[in-house]
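*Asks:* Quick one: this structure, given as structure tokens, is what I'll be asking you about.
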Amino acid sequence: MKKIFLIMILVTSFILSADDLTHAIGMSAGYISGSGISYRQMNEKSGYQIAGGAYYNYEPEDEEDEFNYDIEENKYLGWNISGTYYYILKNWQTSRFYLLAGTTIFDVYDITQNEFGDFEEENEDKTYINVGIGIGLEFPLTKYLHMSVEWPWYYDGKSEFLKFIPQAGVHYYFK
Numbered sequence: 001m002k003k004i005f006l007i008m009i010l011v012t013s014f015i016l017s018a019d020d021l022t023h024a025i026g027m028s029a030g031y032i033s034g035s036g037i038s039y040r041q042m043n044e045k046s047g048y049q050i051a052g053g054a055y056y057n058y059e060p061e062d063e064e065d066e067f068n069y070d071i072e073e074n075k076y077l078g079w080n081i082s083g084t085y086y087y088i089l090k091n092w093q094t095s096r097f098y099l100l101a102g103t104t105i106f107d108v109y110d111i112t113q114n115e116f117g118d119f120e121e122e123n124e125d126k127t128y129i130n131v132g133i134g135i136g137l138e139f140p141l142t143k144y145l146h147m148s149v150e151w152p153w154y155y156d157g158k159s160e161f162l163k164f165i166p167q168a169g170v171h172y173y174f175k
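Residue numbers (my numbering): 1 to 175.
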């Protein structure tokens, strides 16, 4: 019984002391990876990430009228959620080169106020779905903190052409 208990302790300690950091939490910003808090799991050959966030944006009609409160102003309230799949092309000792494919749903609620502070009737709820593929590189800043830089081509659901806008993320890896 003591031998079995000792073997279980040794096996557990070897598993827990393994240097494979596969899970990560962090922040990402991009049209495919989403913008906000993210969870990522990267294995030897593949991985995935889910991310989500919310934001509020104030945009005056004209830059000169930023402090003129007698005009209409646009305010945007929005959220996004995304899912990304990674296929690892090359795994170096500390870095990764990969292909990615993902989609993001952006939901934006446009709030327009008039000069009296009343909300206008034409408030709109707009939903956009971005879909794209690309390449990426992940490299360590420290042993546990990694940065990813990605170059996706994506269709944004509003236009009739593909866009190419880089995106980035910072993730803290753990077991």
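Glycine is no exception: its CB is placed at the ideal position from the N, C-alpha and C atoms.
On the CB-based measure, 16 or more other CB atoms within 10 Å of its CB, does Glu124 come out buried or exposed?
*Replies:* Along the sequence shown, read from residue 1 onward, the residue named residue 124 stands at position 124. That one is exposed.
*Asks:* For Ile135, name the three-state secondary structure that DSSP assigns.
*Replies:* Your numbering for residue 135 matches position 135 in the sequence shown. Looking at Ile135 - three-state DSSP - the assignment turns out to be strand.
*Asks:* Which same chain residues end up closer than 6 Å to Gln49 when comparing Cβ atoms and leaving out the 5 residues on each side of it in sequence?
*Replies:* If you number the sequence shown from 1, residue 49 lands on position 49. For Gln49, where only same-chain residues beyond five positions count, the Cβ hits under 6 Å are Ser38, Arg40 and Thr84.
*Asks:* With C-beta atoms as the reference, is Trp153 less than 9 Å away from Leu162?
*Replies:* What you label residue 153 is simply residue 153 of the sequence shown in a count that begins at 1. What you label residue 162 is simply residue 162 of the sequence shown in a count that begins at 1. Contact: yes.
*Asks:* Roughly how many angstroms separate the alpha carbons of Ser148 and Leu21, rounded to a whole number?
*Replies:* For this step, residue 148 is matched to residue 148 along the sequence shown. For this step, residue 21 is matched to residue 21 along the sequence shown. Taking the straight line from one Cα to the other gives about 15 Å.
*Asks:* Tell me whether Asn130 is buried or exposed, calling it buried when 16 or more other Cβ atoms sit within 10 Å of its Cβ.
*Replies:* The residue you call residue 130 lines up with position 130 of the sequence shown. Label assigned to Asn130: buried.
*Asks:* Keeping to the same chain, check which residues put their C-beta closer than 8 Å to that of Gly53; ignore five residues upstream and five downstream.
*Replies:* In the sequence shown, counting from the first residue as 1, residue 53 sits at position 53. So the qualifying residues of the chain are Gly34, Ser35, Gly36, Ile37, Trp79 and Asn80.
*Asks:* Taking C-beta to C-beta, are Phe139 and Ile25 nearer than 9 Å?
*Replies:* By 1-based counting over the sequence shown, the position of residue 139 is 139. By 1-based counting over the sequence shown, the position of residue 25 is 25. Not closer than 9 Å, so no.
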